[in-house]
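The block underneath contains the structure these notes are about, expressed in structure tokens.
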Amino acid sequence: MKLKGILIMGTLSLLTLSGVAAAEDKLTQLKEQGFARIAIANEPPFTAVGADGKVTGAAPDVARAVFKKLGVNDIVASVSEYGAMIPGLAVGRHDAIAAGLFMTPQRCAAVAYSQPVLCAVEAFAVKKGNTKSIKTYEEIAKDPKAVIGVEGGTTEQKLATAAHIPTERVIIVPDGQSGLKMLQDGRIDAFALPLLSISDLLAKAKDASLESIAPVQGTPVQCDGVAFRKQDTALRDAFDVELKKMKESGEFAKIVEPYGFSAKAAMSTSREKLCGASN
Ligand code: 6CS
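Okay, so the sequence shown: first residue is 0 according to numbering that gives the first Met the number 0, each after it adds one.
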């Protein structure tokens, strides 16, 4: 019996060591690589790619700052649709996702999220005057003529499905600009994204015939975290240590608040609250 106990303890400590080793390997690998490859969506102010190729936005800026403190000098971003980010992470195309990918139970089960970074309320862009008086996903479901535009794989698509809007009245668009164009052309009655993203799109469109409705009644405040592969949980934990220090020092607020995000909102919740048991 004693020998068996020793064998079990031995195995457990090997597994623990292998876990720590894997994490250090991943962090060592990123340090040697000189950068972390992150998935972004190019949806300001969460993420943005300038005409010069420079990557900004609150999510990449926070990720860049934390990785620097971990000894990983830079980030290299690739633009991905939201629905492709987690599969891309899983096959090793990205080392992390820093894109405003909101924590949902399904996603929390698939990735290892950091503690919260960016929180947002939901919004609709509609024609000025909101002729169909759209305020909720449920109202869209009830109006047989109402059509909503959402981006593929997003929480807005999930909200439309949860409200039982028939699929033929949910138009999947590739990006924010396309969604706004379809609204302007009258092909959809509402385009759904987080309020800060809708506000950025409307400010750039300078189209007085459009307006935003926010917050969308019946939808929760949602928060993202930086997402890592499940096997990189120890790297995620190292990331969280530095993220916590930045939150405590005020450095975190200095990065996110100029983009319109509330540091307090992210600091007043947690991955455990947002993910529940699955992360
Ligand atoms: O996580 C998501 O699905 C969402 N995140 C952002 C920043 N925009 C699209 C979607 O709401």
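Backbone N, C-alpha and C fix where the C-beta goes; we use that ideal spot for every residue, glycine too.
None of these values were measured; they are calculated from a predicted model.
Boundaries of the beta strand (DSSP E) in which residue i is found, first to last residue
i    : result
A73  : The amino acid occupying residue 73 in the given sequence is Asp; Ala does not appear at that position. Here the beta strand (DSSP E) through D73 covers 73-78.
G148 : 147-150
F34  : 34-39
I133 : Run containing I133: none; DSSP gives neither H nor E here.
E42  : Note, E42: premise wrong, no beta strand (DSSP E); not H, not E.
S211 : 209-212
Nearest-angstrom beta carbon gap, residue j and residue i [assumed within contact, 8 angstroms]
i    : j    : result
I147 : A189 : 5 angstroms
A95  : F227 : 5 angstroms
L192 : A122 : 7 angstroms
L117 : A265 : 7 angstroms
I254 : A97  : Not really, about 12 angstroms apart at Cβ, beyond 8 angstroms.
T268 : P115 : 5 angstroms
V172 : Q156 : That pair is no contact at about 10 angstroms.
A213 : L200 : A213 to L200, Cβ: 13 angstroms. No contact.
D142 : K131 : 6 angstroms
Cβ-based burial, residue i [other Cβ within 10 Å; buried from 16]
i    : result
G185 : exposed
M0   : Its pLDDT being 49, under 50, M0 is placed unreliably by the model, and the measurement read from it follows with that caveat. Burial call: exposed.
S196 : buried
Q221 : buried
A38  : buried
G224 : buried
H163 : exposed
K25  : buried
T218 : buried
E150 : buried
V54  : buried
T27  : exposed
D231 : buried
K246 : buried
G91  : exposed
T154 : buried
V125 : buried
G49  : exposed
G52  : exposed
Range of the contiguous alpha helix (DSSP H) that encloses residue i
i    : result
P104 : 104-109
L195 : 194-204
R168 : Run containing R168: none; DSSP gives neither H nor E here.
V65  : 57-68
A89  : 81-89
F123 : First-last for F123: 121-126, but that is the beta strand (DSSP E), not the alpha helix (DSSP H).
I254 : 250-255
I139 : 136-141
E155 : 154-161
S177 : 175-183
L273 : 270-274
K53  : First-last for K53: undefined, no H or E at that position.
A262 : 262-266
*Count the CB pairs spanning the stretch 111-118 and the stretch 229-237 that are closer than 8 angstroms, and state whether there are at least three.*
By the Cβ criterion, the stretch 111-118 is in contact with the stretch 229-237, since at least three pairs of Cβ atoms, one from each stretch, lie closer than 8 angstroms.
*Cβ contact check for the stretch 60-71 and the stretch 28-35: 3 or more pairs under 8 angstroms*: Inter-segment contact for the stretch 60-71 and the stretch 28-35 is present: three or more beta-carbon pairs are separated by less than 8 angstroms.
_Would you call the stretch 39-47 in contact with the stretch 57-66, where contact means no fewer than 3 C-beta pairs closer than 8 angstroms?_
Under the Cβ criterion (8 angstroms, minimum of three pairs), the stretch 39-47 counts as touching the stretch 57-66.
*Please confirm if the stretch 250-261 is in contact with the stretch 80-90, defined as three or more CB-CB distances below 8 angstroms between the two stretches.*
Output reads no: the stretch 80-90 does not touch the stretch 250-261.
*Meets three-Cβ-pair contact criterion under 8 angstroms: the stretch 171-180 and the stretch 130-138*: The stretch 171-180, when compared against the stretch 130-138, does not touch it at the 8 angstroms Cβ threshold.
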